[in-house]
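Step one of this worksheet: look at the structure below.
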Amino acid sequence: MTSDGKSALGVTRSDIVDHGFWRGKQTVHEMYLSHNAFSSREQLAYVMQHELNHVRIFNAGLSDIASREIQLKSPAAQKYSELLDNIGHYHIQEYGTKFLEINGWSGIRSSIPSSVFNSVNYQMANQKIWKLLSNTAFKININFR
Numbered sequence: 008m009t010s011d012g013k014s015a016l017g018v019t020r021s022d023i024v025d026h027g028f029w030r031g032k033q034t035v036h037e038m039y040l041s042h043n044a045f046s047s048r049e050q051l052a053y054v055m056q057h058e059l060n061h062v063r064i065f066n067a068g069l070s071d072i073a074s075r076e077i078q079l080k081s082p083a084a085q086k087y088s089e090l091l092d093n094i095g096h097y098h099i100q101e102y103g104t105k106f107l108e109i110n111g112w113s114g115i116r117s118s119i120p121s122s123v124f125n126s127v128n129y130q131m132a133n134q135k136i137w138k139l140l141s142n143t144a145f146k147i148n149i150n151f152r
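Residue 8 is where the sequence shown starts when you use the working numbering, and the numbers rise one by one after that.
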């Protein structure tokens, strides 16, 4: 459950903790996953990719930009406005969709069809975040036998 009462497969909280002058500051990321995130290996990989992209955005110092509201221009994207609620989520979901396609996975909960991000419907929300996440959609092997 998110802080605003919505259900989620995962939530990541990131903070900088100040330990004082002698010990310095520490970046802390806490990731919470719903039991539904573990419904399959594919679902877990998708949720982890999503949550780790939140960590990447925080570590790059782009959290303020990422949390800005986005005005969705295409009707295709507007159907998924709850998942595409800010600039960060737009690009995280974009690369999540590419991640699923590259791995040949479908039927994953909270995923968005690639048609939302095709050239007709696409909008560049923030080039820095887009570039930061550009290498997060890749083929992985989750068959551990």
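All C-beta atoms in this analysis are idealised placements derived from N, C-alpha and C, irrespective of residue type, glycine included. Given the structure is predicted, the values throughout are model-derived calculations rather than measurements.
Which residues bound the beta strand (DSSP E) around residue i?
{"i": "S21", "result": "G17 to D25"}
Within 10 angstroms of the Cβ of residue i, are there 16 or more other Cβ atoms? Answer buried if so, exposed if not.
{"i": "S113", "result": "exposed"}
{"i": "M8", "result": "Bear in mind that a pLDDT of 48 at M8, under 50, signals an unreliable position, so the model cannot answer this."}
DSSP three-state label for residue i, please.
{"i": "Q33", "result": "strand"}
{"i": "M8", "result": "Only weak support is given to the placement of M8: the predicted model assigns it a pLDDT of 48, under 50, and the value that follows is read from those uncertain coordinates. The answer is coil: DSSP assigns M8 none of H, G, I, E or B."}
{"i": "P82", "result": "helix"}
{"i": "D92", "result": "coil"}
{"i": "A73", "result": "helix"}
{"i": "M55", "result": "helix"}
{"i": "G68", "result": "coil"}
{"i": "T104", "result": "helix"}
{"i": "V123", "result": "helix"}
Give the DSSP bridge partners of residue i, in chain order.
{"i": "L40", "result": "G17"}
Hey, quick one: how far does the alpha helix (DSSP H) through residue i stretch, first residue to last?
{"i": "R116", "result": "Run containing R116: none; DSSP gives neither H nor E here."}
Is there contact between the segment 71-90 and the segment 112-129, where contact requires at least three CB pairs shorter than 8 Å?
yes
Between the segment 105-112 and the segment 26-34, are three or more C-beta pairs nearer than 8 Å?
no
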